[in-house]
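Novice:
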Amino acid sequence: MLLFMTCIPKAPMVQETGTTKMTSVIGNRRAFTLVEMLIVLAIIAMIMAMSVPFTAGFGKGLRVKTTARAIVGIMRVARSNAVTFRKNYSIVFDVKKSQYWIEDEANHVYEKKYYLPGPIKFEIKGNGEADPVTFENDRVTFNSSGSVEGASGSVTFTDKQGGSRTISVTGATGKITIN
36 MLLFMTCIPK APMVQETGTT KMTSVIGNRR AFTLVEMLIV LAIIAMIMAM
86 SVPFTAGFGK GLRVKTTARA IVGIMRVARS NAVTFRKNYS IVFDVKKSQY
136 WIEDEANHVY EKKYYLPGPI KFEIKGNGEA DPVTFENDRV TFNSSGSVEG
186 ASGSVTFTDK QGGSRTISVT GATGKITIN
């Protein structure tokens with residue numbers, strides 16, 4: 036059992052229970068050499084270089100999926116408010132400004148207006164001329180029963196890499212789905 040050790044670099048005295056022993060701290064030290072550390076770093080670098088092709092596509096489409104979930108979340112808030120407060124709430128889509136927001140019956144903005152992330156726009160993949168929002172007047176209105184006022188519709192958005200999502204709302208039930 037080690038009770039006491041001094042750190043004098045030449046020949047410190049180490050006292051163990053019952054014995055006294057002279058030893059050099061420098062000679063007994065266990066450490067890695069620079070060569071060993073460089074070899075380990077080289078191995079780590081090779082493993083990382085081999086894994087890059089496998090992880091390159093990991094983030095592709097992630098922003099579109101996240102945006103779809105955010106819009107669906109806002110739609111669910113509007114639907115929930117319509118049922119809770121027993122009055123109509125709408126989600127309004129401004130295609131040109133890449134915005135969407137909730138409005139109440141008096142056309143007051145609920146909370147705030149939301150912007151699509153920079154590389155994402157309201158448009159249909161491969162068909163820039165088609166209307167990406169098929170709801171009447173670019174708005175979906177939920178009534179007090181949670182269903183949609185008017186017909187079913189959808190909103191489509193695309194990112195610069197070609198990833199696309201369409202959010203559909205069923206008129207009779209108000210069910211919201213992501214495709």
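Each residue of the sequence shown is one higher than the one before, counting from 36 in the working numbering.
Idealized CB from N, CA, C, for every residue including glycine.
Please report how far the alpha carbon of S187 lies from the alpha carbon of G161, in whole angstroms.
Specialist: By one-based count along the sequence shown, residue 187 stands at place 152. By one-based count along the sequence shown, residue 161 stands at place 126. About 23 Å.
Novice: Determine the DSSP secondary structure at T176, reduced to helix, strand or coil.
Specialist: By 1-based counting over the sequence shown, the position of residue 176 is 141. Here T176 sits in strand by DSSP.
Novice: What three-state label does DSSP hand F157 in the structure shown?
Specialist: The residue given as residue 157 occupies position 122 in the sequence shown. Three-state result, F157: coil.
Novice: By a C-beta neighbour count over all protein chains shown, 10 Å radius and 16 as the cutoff for buried, is V70 buried or exposed?
Specialist: On the sequence shown, position 35 is the one that residue 70 refers to. The residue in question, V70, is exposed, as its Cβ has fewer than 16 Cβ neighbours within 10 Å.
Novice: Thinking just about the alpha-carbon of each residue, which of G206, I202, K195 is nearest to the one in V183?
Specialist: Position 148 of the sequence shown holds residue 183. It is G206 whose Cα lies nearest to the Cα of V183.
Novice: With F89 as the anchor, note down where its alpha helix (DSSP H) starts and where it stops.
Specialist: For the purposes of this step, residue 89 is taken as the residue at position 54 of the sequence shown. Where F89 is concerned, the enclosing alpha helix (DSSP H) stretches over 69-90.
Novice: Counting Cβ pairs, one atom from each stretch, are 3 or more of them under 8 Å apart for the segment 113-122 and the segment 132-148?
Specialist: Counting Cβ pairs under 8 Å, three or more are found: they touch.
Novice: From the DSSP secondary-structure annotation, give me the bridge partner or partners of D129.
Specialist: For the purposes of this step, residue 129 is taken as the residue at position 94 of the sequence shown. Bridge partners of D129: Q134.
Novice: Helix, strand or coil for T201, going by three-state DSSP, please let me know.
Specialist: One-based indexing of the sequence shown puts residue 201 at position 166. Note: T201 maps to strand in three-state DSSP.
Novice: Under the DSSP definition of a beta bridge, which residues are partnered with V144?
Specialist: Residue 144 sits at position 109 when you count from the first residue of the sequence shown. V144 pairs with E138.
Novice: Write down the C-beta distance between R174 and V127 rounded to the nearest angstrom, noting that I regard them as a contact closer than 8 Å.
Specialist: As a position in the sequence shown, residue 174 is number 139, starting the count at 1. As a position in the sequence shown, residue 127 is number 92, starting the count at 1. Their Cβ separation, rounded to whole angstroms, is 5 Å, which keeps R174 and V127 in contact under 8 Å.
Novice: Under three-state DSSP, which class holds N214?
Specialist: Mapped onto the sequence shown, residue 214 falls at position 179. Here N214 sits in coil by DSSP.
Novice: Express the C-alpha separation of G197 and K95 in angstroms, rounding to a whole number.
Specialist: The residue given as residue 95 occupies position 60 in the sequence shown. The residue given as residue 197 occupies position 162 in the sequence shown. Cα-Cα distance, rounded: 10 Å.
Novice: So the candidates are T191, A66, S203; which of them puts its Cα closest to the Cα of V130?
Specialist: What you label residue 130 is simply residue 95 of the sequence shown in a count that begins at 1. When only C-alpha atoms are compared, the closest one is T191.
Novice: Assuming S189 is part of the beta strand (DSSP E), what are its boundary residues?
Specialist: Here residue 189 refers to the residue found at position 154 when the sequence shown is read from its first residue. Start and end: 188-193.
Novice: Would you give the residue range spanned by the alpha helix (DSSP H) that A113 belongs to?
Specialist: Along the sequence shown, one-based indexing puts residue 113 at 78. Looking at the DSSP string, the run of the alpha helix (DSSP H) that includes A113 is 97-120.
Novice: Identify which residue in T169, G181, A103, S189 has its Cα closest to the Cα of Y150.
Specialist: For the purposes of this step, residue 150 is identified with residue 115 of the sequence shown, where counting begins at 1. With distances taken between Cα atoms, Y150 lies closest to A103.
Novice: Leaving out the 5 sequence neighbours to the left and right, which residues in its chain are closer than 6 Å to D166 when beta-carbon positions are compared?
Specialist: Position 131 of the sequence shown, counted from the start, is the residue given in the question as residue 166. Same-chain partners within the cutoff: there are none.
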